[in-house]
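Okay, so the sequence shown: first residue is 57 according to the numbering used here, each after it adds one.
As structure tokens, the structure follows; a few thoughts come after it.
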Amino acid sequence: MAEEDAMGRALARDARAVGRLALDTEFMGEGRYRTLLCLIQLAIPDRSGTDERLELIDPLAGDFGAGAEDLGSVLADPAIQIVVHAGRQDIALLRRRYSTSVRNVFDTQVAAGFAGLGAQCSYETLLAEILGVRVSKSASFTRWDARPLSAEQLAYAREDVVHLLALASELERRLSALERLSWAREECQALEQASDERDLDVIFERLPRIRTLNASARRVAREIVAWRERTAAAEDRPVPSVLADAALVEIARRGPSSRAELAQIRGAGAGNRPRRAEQLLEVIARARELPPDSAPPAQRVPPPRPEDAPLIALAEALVRARAREAGLAHELLATRADLQLLLAASRETRGDADVRTLRGWRRELVGAELLELLDGRLSLAVSGRELSIEARASAQPREEGS
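Structure (structure tokens):
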């Protein structure tokens, strides 16, 4: 394995010469606040395109120096295609490690979805189906932070990238024939912004029973969420080990003002740690002093209403029908969450809602029809055991807020 400093400059030179590389990472997330990047695997084709060079870079070895700048510049160069498989986590780790963007990503899992092979195809499944290659996953759950790595681990790491470029080339060929390569590239472009930064608003919204709290308790809960994140990051430990979600919500509900009151709440482990308990009580006290209008909403997007269920079911049927016709995984077109967001947003903004189903290729394939369906200008019927989609020219659009 090479250290970053020793590898970076040569890698940058060779990658720019051919304009393409395959990339994978190994990491460890257990027992930490942030996932630890343990290994970077690269496959770089030679200039003839008939062979490729494999490199394993150890980000845990040596000092973090000049080589980082060279590797980061490769990742950020839009002239170099970065081939990954299910690469969201890889990209997030590399963006944080190298403090850079990652450009021109081609994800073979995303591409497989557009080629009609399923939205969540594993690397080994695609290799077997497309290239007729069998790979072993025996070292998948080993200690990648241990040194030295075993021969089995090193072989596994190399195998994870050695076939990626050939797989990507075949998927690009198939997508070009289907005239969907631009769709896949549009979807892969969204991966360039992958991040492992935790969104406090999203964490807050997903707390159990958060919508049962009043405004004052929500202010307390939001401040505890922020404190919990800071504490977990400072101690590099998993967030739930600082304070579990259920205990957090109950603390916010009761608003304890003393260590004795805090200790009465089940799961409030801070009650057994004097320093942390005092910190938590200070957070609660400060939250009580916040102005009333600072209370965060229970949910930025309203939850679906019971009467929305038939509309969501119809929308899902339309999505599945169009996906089947196009030979696409229906999850690529729209998930149930996408449809719920579209329904909630369309009540306010009609066709201008900032929802991914109404952008780019999705709007072309199904998004515009979803709006027509919600407006009553499109109907679904069963004809000969097949779903029939028909325009209703005489239908009146929905009234706002209905």
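Idealized CB from N, CA, C, for every residue including glycine.
Since we're looking at a predicted model, the values are computed, not measured.
Are the beta-carbon atoms belonging to residue i and residue j less than 8 Å from one another?
i, j, result
"Leu436", "Ala393", "no"
"Leu127", "Ile138", "no"
"Ala99", "Leu182", "no"
"Leu384", "Gly169", "yes"
"Leu429", "Ser402", "no"
"Val161", "Ala240", "no"
"Arg380", "Glu279", "no"
"Val375", "Leu389", "yes"
"Leu263", "Asp301", "yes"
"Gln335", "Trp283", "yes"
"Leu223", "Ile186", "yes"
"Pro294", "Arg90", "no"
"Arg254", "Glu285", "yes"
"Leu337", "Leu318", "yes"
"Ser194", "Glu180", "no"
"Leu79", "Asp146", "yes"
Hey, how far is the Cα of residue i from the Cα of residue j?
i, j, result
"Ser178", "Arg190", "12 Å"
"Gly85", "Glu108", "31 Å"
"Ala213", "Asp102", "20 Å"
"Gly143", "Glu243", "12 Å"
"Val339", "Ile259", "18 Å"
"Leu237", "Glu228", "7 Å"
"Asp349", "Leu304", "22 Å"
"Arg454", "Asp292", "Only weak support is given to the placement of Arg454: the predicted model assigns it a pLDDT of 49, under 50, and the value that follows is read from those uncertain coordinates. If I take the Cα positions, the gap works out to 52 Å."
"Ser192", "Gly311", "52 Å"
"Gly416", "Arg329", "52 Å"
"Thr81", "Val158", "14 Å"
"Ala447", "Val140", "42 Å"
"Ala66", "Arg76", "14 Å"
"Ser461", "Arg199", "No answer is possible for residue 461: the residues shown for the chain start at 57 and end at 458."
"Gly121", "Ile113", "Note that Gly121 has pLDDT 45, beneath the 50 cutoff, so the model's placement of it is unreliable and the number below is only indicative. So the two alpha carbons sit approximately 14 Å from each other."
"Leu434", "Gly174", "28 Å"
"Ala148", "Ala250", "5 Å"
"Leu210", "Leu269", "51 Å"
"Arg72", "Ala308", "54 Å"
"Arg152", "Leu116", "15 Å"
"Ala316", "Ala271", "25 Å"
"Glu248", "Arg322", "42 Å"
"Gly440", "Ala377", "15 Å"
"Asp257", "Val281", "9 Å"
"Ser314", "Val276", "15 Å"
"Ala365", "Arg418", "22 Å"
"Asp119", "Ala273", "Low per-residue confidence applies at Asp119: pLDDT is 47, beneath 50, and the placement is therefore not dependable enough to give any value."
"Ser444", "Asp431", "18 Å"
"Ile368", "Arg267", "22 Å"
"Glu111", "Glu261", "42 Å"
"Leu234", "Thr164", "16 Å"
"Pro362", "Thr391", "18 Å"
"Phe83", "Tyr154", "15 Å"
"Glu442", "Leu370", "14 Å"
"Leu95", "Ala400", "43 Å"
"Thr156", "Asp70", "20 Å"
"Ser458", "Val438", "Unreliable placement is indicated for Ser458, whose pLDDT of 43 sits below 50; the coordinate value is still reported in the next sentence. Near 26 Å, if we compare the C-alpha coordinates of Val438 and Ser458."
According to DSSP, is residue i part of a helix, a strand, or is it coil?
i, result
"Ala122", "Residue placement at Ala122 is flagged as unreliable, the pLDDT there being 46, under the threshold of 50; the coordinate-derived value follows with that caveat. Helix, per DSSP."
"Cys244", "helix"
"Ser435", "strand"
"Ser129", "helix"
"Leu110", "strand"
"Leu95", "strand"
"Glu428", "helix"
"Phe170", "helix"
"Arg90", "coil"
"Arg76", "strand"
"Ala316", "helix"
"Ser251", "coil"
"Arg261", "It should be noted that the sequence gives Glu, not Arg, for residue 261. Helix, per DSSP."
"Ala466", "Lying before the first or after the last residue shown, residue 466 is absent from the chain, which here runs from 57 to 458."
"Pro362", "helix"
"Val276", "helix"
"Leu220", "helix"
"Ile321", "coil"
Any idea which residues DSSP pairs residue i with across the strands?
i, result
"Phe162", "Val139"
"Thr81", "Ile96"
"Ser444", "Ala437"
"Pro101", "Glu108"
Closer than 8 Å, CB to CB, is residue i near chain B or not?
i, result
"Ala202", "Absent from the structure: chain B. Only one protein chain is present."
contact_flag[the stretch 419-428, the stretch 201-211] where n(CB pairs < 8 Å) is 3 or more
no
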